[in-house]
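In UniProt numbering, the protein residues as written are 1 to 322.
Just so you know, even glycine gets a beta-carbon here, dropped at the ideal spot from N, CA and C.
Source: prediction; values computed, not measured.
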Amino acid sequence: MEKKSKLEVKYSSIPEDQKRTWELNENVNLLMRYNNLIEWIRMMGTQQGSVYEGKGSLQCVEKDGAALMEVQVLCRDKSAKFLISRHTLNVLAFFTPDCEWRAFDNSEMIIVGQGFTLMRGINACYTSPSCNTVGPKTIIDALEAIEAKETAATKGVEVFMVLLSEAARFKVIENMIGSTFIPTIEPSLGGVLHGLEHDLAEITEYFKPISVNLEVYVDAPHDIQFYLKNYKQLSKAWYVYALTRTRFCPLKEEIAKECGLVDVRHRPLLLDATLGVLCNCNLEKMLKKWSDRLLKDGLKNYPDFPLDDKILRDMLEQMNEN
């Protein structure tokens, strides 16, 4: 079989409206700005509708714009940029302080532009237990790591794979990370305003702006590892539902077990509580594409298809009746 050639994308072709900047600071609106960023990434990945392409992940059907989006993360005197695929939401390359883009060896695209270096033999993947901690200090440490040599730099990028890509895929991960951006709650004013017995310094202390603590690590919930390791199974369960015309409701226990989809308390998952990007996909388009394929070819070309013969026959009969 002829190997499919990679899509070639020029960095200069990325329009300005496909670039965003997010600054990590003490501002009380940090959580809202993070949620807005993730929603934008989600939108960019599903803007034109998506279809499931079999063994791969979901792919964006693009009509306008470039196949990449750029996200810059700032914090104090640190910064980094990331190129993210609109097809898969994978991080494909990152920009370092030495003014050089480094692209991962397993990138699904060939990125063309001045200052791009391919890191041969270094893939975009989780090389260690990912996200043992989350929170502002974890992000700051990751920005510092990216300034280092390739091995340490890629460890830092792993944090942003979770912060940006996985959070956009799964709402539950976005919520886990976002909970660390909640501003510090100041003590009650108590009796400060009673009389003038308190000096100006004390009153000013009580009225200082509420802010986010950037110096904290938060242990990541065990659930986060489950979602990171089960993206393919979640995708599989999702398109089973689309093909059987079942929408986002509690996952039937037998399907959940077959796909390995139970939470840490061994309860079936709710698809709409876990999937972000996939919830926005064009279900009807995906259903029609698979219906056409299966009516024409049956299962012979799809050995990894998750429906058994009886379910498939029932589904095809319903399609023929329609």
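Proximal residues to residue i (C-beta, below 6 angstroms), its chain only, five neighbours per side dropped
i: ASN123; result: PHE104, ASP105, ASN106
i: VAL73; result: TRP22, ALA80
i: MET161; result: VAL91
Where residue i falls, given that 16 or more other Cβ within 10 Å makes a residue buried
i: ALA148; result: exposed
i: residue 338; result: In the structure displayed, the chain extends from 1 to 322; residue 338 sits before or after that span and is not available.
i: TYR138; result: In the sequence under discussion, the amino acid at residue 138 is Thr, which differs from the Tyr named in the question. So THR138 counts as buried.
i: ARG102; result: buried
i: ALA152; result: exposed
i: SER85; result: buried
i: GLY45; result: buried
i: LEU228; result: buried
i: MET43; result: exposed
i: ARG245; result: Note that ARG245 scores 45 on pLDDT, short of 50, meaning its location in the model is unreliable; the coordinates nonetheless yield the value given after this. Exposed is the call here.
Other residues of its chain near residue i: CB distance less than 8 angstroms, five sequence neighbours each side excluded
i: LEU143; result: VAL73, CYS75, LYS78, SER79, ALA80, GLY156
i: VAL216; result: GLY135, PRO136, LYS137, THR180
i: GLU108; result: LYS6, LEU7, SER85, HIS87, THR88, ASN90, LEU92
i: LYS19; result: MET69, GLU70, VAL71, GLN72
i: LEU214; result: LEU24, ASN25, GLU26, CYS75, PRO136, LYS137, ILE140
Alpha carbon of residue i to alpha carbon of residue j, nearest angstrom
i: PRO15; j: ALA66; result: 7 angstroms
i: LEU31; j: GLU100; result: 30 angstroms
i: LYS10; j: ILE111; result: 6 angstroms
i: ASP141; j: LYS6; result: 33 angstroms
i: THR96; j: LYS296; result: 49 angstroms
i: LEU68; j: ALA93; result: 10 angstroms
i: THR88; j: VAL212; result: 32 angstroms
i: LEU24; j: GLU8; result: 32 angstroms
i: LEU189; j: GLU26; result: Caution applies to LEU189, whose pLDDT of 49 falls short of 50 and renders its modelled position unreliable; the value that the coordinates give is listed next. If you take the alpha carbons of LEU189 and GLU26, they lie about 22 angstroms apart.
i: VAL159; j: ASP17; result: 25 angstroms
i: SER165; j: SER12; result: 22 angstroms
i: ILE41; j: PHE82; result: 12 angstroms
i: ALA145; j: ASP98; result: 13 angstroms
i: ILE224; j: LEU163; result: 11 angstroms
i: ALA220; j: CYS125; result: 19 angstroms
i: ILE119; j: ASN36; result: According to the sequence displayed, residue 119 carries Met and not Ile. Distance between the alpha carbons of MET119 and ASN36 is about 32 angstroms.
7 angstroms Cβ shell around residue i - same chain, five flanking residues per side excluded
i: ALA167; result: ILE38, ILE173, GLU174, ILE177
i: PRO183; result: VAL28, ILE210, SER211, VAL212
i: GLY121; result: ASP105
i: VAL218; result: THR133, VAL134, GLY135, THR180
Whole-number beta carbon distance between residue j and residue i, since they are thought to touch under 8 angstroms
i: PHE170; j: TYR34; result: About 15 angstroms separates the two Cβ atoms, so there is no contact after all.
Distance cut-off 7 angstroms: residue i Cβ against heavy atoms of the ligand HEM
i: ASP98; result: Here there are no bound small molecules, and the ligand HEM is not part of this structure.
Within-8 angstroms CB hit, residue i to chain B
i: LEU74; result: You won't find chain B in this structure, because it holds only one protein chain.
- Are the stretch 132-147 and the stretch 108-120 touching, with three or more C-beta to C-beta distances below 8 angstroms? The stretch 132-147 vs the stretch 108-120: no contact.
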